[in-house]
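This note's numbering numbers the first residue of the sequence shown as 36 and each following residue consecutively. Notes follow once the structure below has been shown.
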Amino acid sequence: MSRCFDLARRGIGAVSPNPPVGAVLVHQDKILSEGFHHYFGGPHAEVDAISKVAEKDRSLIGSSILYVSLEPCCITGKTGPCTELIIAEGIKEVRISALDPNRSVAGKGVERLRSQGIHVIEGILREEGEQLIRAFNTNMRLERPHILLKWAQSKYGYSGIEGQQIWLSETPSSLRAHRLRAEADAIMVGARTVATDDPSLTTRAYPGKSPQRVIFDPNGRLTENYKVFDDDGCLVHYYSLQPNHGIKRKHIRCVQLNDDLHMPEQIMQDLFNHQVGIVLVEGGPFLHQQFIRMNLWDEAWVIRTQHPLAHGLVSPNVHGVLLAKEQAERDTIIGILNEK
Ligand SMILES: NC(=O)c1ccc[n+]([C@@H]2O[C@H](COP(=O)([O-])OP(=O)(O)OC[C@H]3O[C@@H](n4cnc5c(N)ncnc54)[C@H](OP(=O)(O)O)[C@@H]3O)[C@@H](O)[C@H]2O)c1
Numbered sequence: 036m037s038r039c040f041d042l043a044r045r046g047i048g049a050v051s052p053n054p055p056v057g058a059v060l061v062h063q064d065k066i067l068s069e070g071f072h073h074y075f076g077g078p079h080a081e082v083d084a085i086s087k088v089a090e091k092d093r094s095l096i097g098s099s100i101l102y103v104s105l106e107p108c109c110i111t112g113k114t115g116p117c118t119e120l121i122i123a124e125g126i127k128e129v130r131i132s133a134l135d136p137n138r139s140v141a142g143k144g145v146e147r148l149r150s151q152g153i154h155v156i157e158g159i160l161r162e163e164g165e166q167l168i169r170a171f172n173t174n175m176r177l178e179r180p181h182i183l184l185k186w187a188q189s190k191y192g193y194s195g196i197e198g199q200q201i202w203l204s205e206t207p208s209s210l211r212a213h214r215l216r217a218e219a220d221a222i223m224v225g226a227r228t229v230a231t232d233d234p235s236l237t238t239r240a241y242p243g244k245s246p247q248r249v250i251f252d253p254n255g256r257l258t259e260n261y262k263v264f265d266d267d268g269c270l271v272h273y274y275s276l277q278p279n280h281g282i283k284r285k286h287i288r289c290v291q292l293n294d295d296l297h298m299p300e301q302i303m304q305d306l307f308n309h310q311v312g313i314v315l316v317e318g319g320p321f322l323h324q325q326f327i328r329m330n331l332w333d334e335a336w337v338i339r340t341q342h343p344l345a346h347g348l349v350s351p352n353v354h355g356v357l358l359a360k361e362q363a364e365r366d367t368i369i370g371i372l373n374e375k
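What follows is the structure in structure tokens.
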């Protein structure tokens, strides 16, 4: 099952809003084939693993055990139901980690296999299996994107100075931040961050796709000259309360917000409706506070730097369960899980 998790991780950054899934087919304690879900809408891990069995080994499939990190689906989505493939291949034992939180599967995949006399064991390394699909879990349970907040802060807990561009983190932790970007479907920033830092919000320091960009400009203060509005093939979602803003270019989706109290909720709902499963909110502090105040976040990733900045914009503060603690030279990266 641990091998399934490793395989599943290879799909992170490409499969959302589907979950990452890995599968291994084992015959008499030897791995016959492996597979994982490669990209959104692509073949599921079980299909990938079964299709990779060498021709000479195909007769062994029926007497093999299928390990899979997530319950096989029993519905037709972008691909056919995996349960039917497992049944058709004559596999007699399936071992699963997490059950599928998707209401139309949730336990029914296991039921379908058992109804055909297949021996199913579920809950193997369940905690790790559920951790792996935590973004998908949020999508299914709360019907909104999985929300990650990310910021860098100085040694004394400041995130910047109003109107002034300051580089707080060092290169290794910036690389880690770019990995977070590559794993997200979209990155969101506030208008003051755009105006101060003119970020490009790409994953240039890490291989992988560049996510969509989400710009929060309630007062319609931005012009099209900033890099976030470049037409580089990435979709840009622009949100404002103002109907008469200066953003008109064709590749930018302009959405008018209708209420300044619930702006983050409106934006997340709209993004979810556009198949955005994971959003990385990169700030600034005002935007982060909007999400924290509404308890609208799932993970916070804080880069604690040694920068001596001791005044300016105070960094946000969140409470939760420690998810990860990594050292990147002098910077410490802390991942916090919101359990509320
Ligand atoms: N350390 C980090 O990780 C990090 C990350 C991102 C940004 N930053 C720094 O954070 C600063 C920008 O962050 P920010 O928090 O000022 O803005 P922001 O979150 O980037 O943008 C806030 C948006 O909300 C609007 N807003 C409405 N009421 C506000 C209020 N009372 N205070 C602030 N904004 C309000 C602003 O309106 P207007 O358009 O009218 O201003 C602006 O459109 C920059 O200096 C940037 O360098 C640091």
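Ideal placement from N, C-alpha and C gives every residue a C-beta, glycine not left out.
Ordered along the chain, residues surrounding ligand 1 are Trp-186, Ala-187, Ser-194, Gly-195, Gly-225, Ala-226, Arg-227, Thr-228, Thr-231, Asp-232, Asn-254, Arg-256, Gly-318, Gly-319, Pro-320, Phe-321 and Leu-322 [Cβ under 5 Å from any heavy atom]. Taking C-beta atoms as the reference points, Arg-44 and Pro-54 fail to come closer than 8 Å. The C-alpha of Val-356 is placed about 13 Å away from the C-alpha of Val-337.
Assignment of beta-bridge partners to Ser-275 by DSSP yields Gln-291. Runs of the alpha helix (DSSP H) lying entirely within the region 284 to 328 and spanning at least 4 residues, in chain order: 298 to 308 and 320 to 328. Its chain contains Ala-226, Tyr-274, Ser-275, Leu-276, Gln-277, Leu-292, Asp-295 and Met-298 as the residues whose beta carbon lies nearer than 8 Å to that of Pro-253, once the 5 sequence neighbours on both sides are disregarded; these appear in chain order. His-62 carries a strand assignment under DSSP once its states are collapsed to helix, strand and coil.
In its chain, beyond the 5 residues on either side, His-79, Glu-81, Val-82, Pro-107 and Cys-108 have a beta carbon closer than 7 Å to the beta carbon of Cys-117. Secondary-structure assignment with DSSP links Thr-367 through a beta bridge to Arg-339 and Gln-362. The shortest C-alpha to C-alpha distance from Glu-205 to any of Glu-317, Ser-37 and Ile-368 is the one to Ile-368. The criterion of a C-beta distance shorter than 8 Å is satisfied by Ala-212 and Lys-185.
Between the alpha carbons of Ile-47 and Thr-228 lies a gap of roughly 28 Å. In terms of Cα proximity to Pro-207, the closest of Arg-38, Gly-370, Glu-364 and Lys-375 is Glu-364. For Trp-186, the beta-bridge partners assigned by DSSP are Val-337.
With contacts defined as CB atoms closer than 8 Å, Asn-174 and Pro-52 qualify as a contacting pair.
Cβ contact annotation for Ser-139 (same chain, cutoff 8 Å, sequence separation greater than five): Ile-110, in chain order. In this structure, Ile-122 keeps its C-beta atom at 8 Å or more from the C-beta atom of Val-129.
Within the region 55 to 106, the complete alpha helix (DSSP H) runs of at least 4 residues fall at 80 to 86. Of the candidates Gln-341, Ala-345, Phe-171 and Gly-347, the residue whose Cα lies closest to the Cα of Gln-362 is Gln-341. Non-local beta-carbon contacts of Lys-262 in its own chain, meaning distances under 6 Å to residues more than five positions away in sequence, involve Asp-233 and Ser-235 in chain order. Beyond the five residues adjoining it in sequence on each side, Ser-194 comes within less than 6 Å, by CB distance, of Trp-186, Gln-188, Pro-320, Leu-348 and Ser-350 in the same chain, given in chain order. Comparing alpha-carbon positions, the option among Asn-279, Val-145 and Leu-177 lying closest to Asp-333 turns out to be Leu-177. With 16 or more other CB atoms across the displayed protein chains lying within 10 angstroms of its CB, Pro-180 is buried. Per the DSSP secondary-structure output, Phe-251 pairs in a beta bridge with Gly-225 and Tyr-274. As a beta-bridge residue in DSSP terms, Tyr-193 pairs with Val-349.
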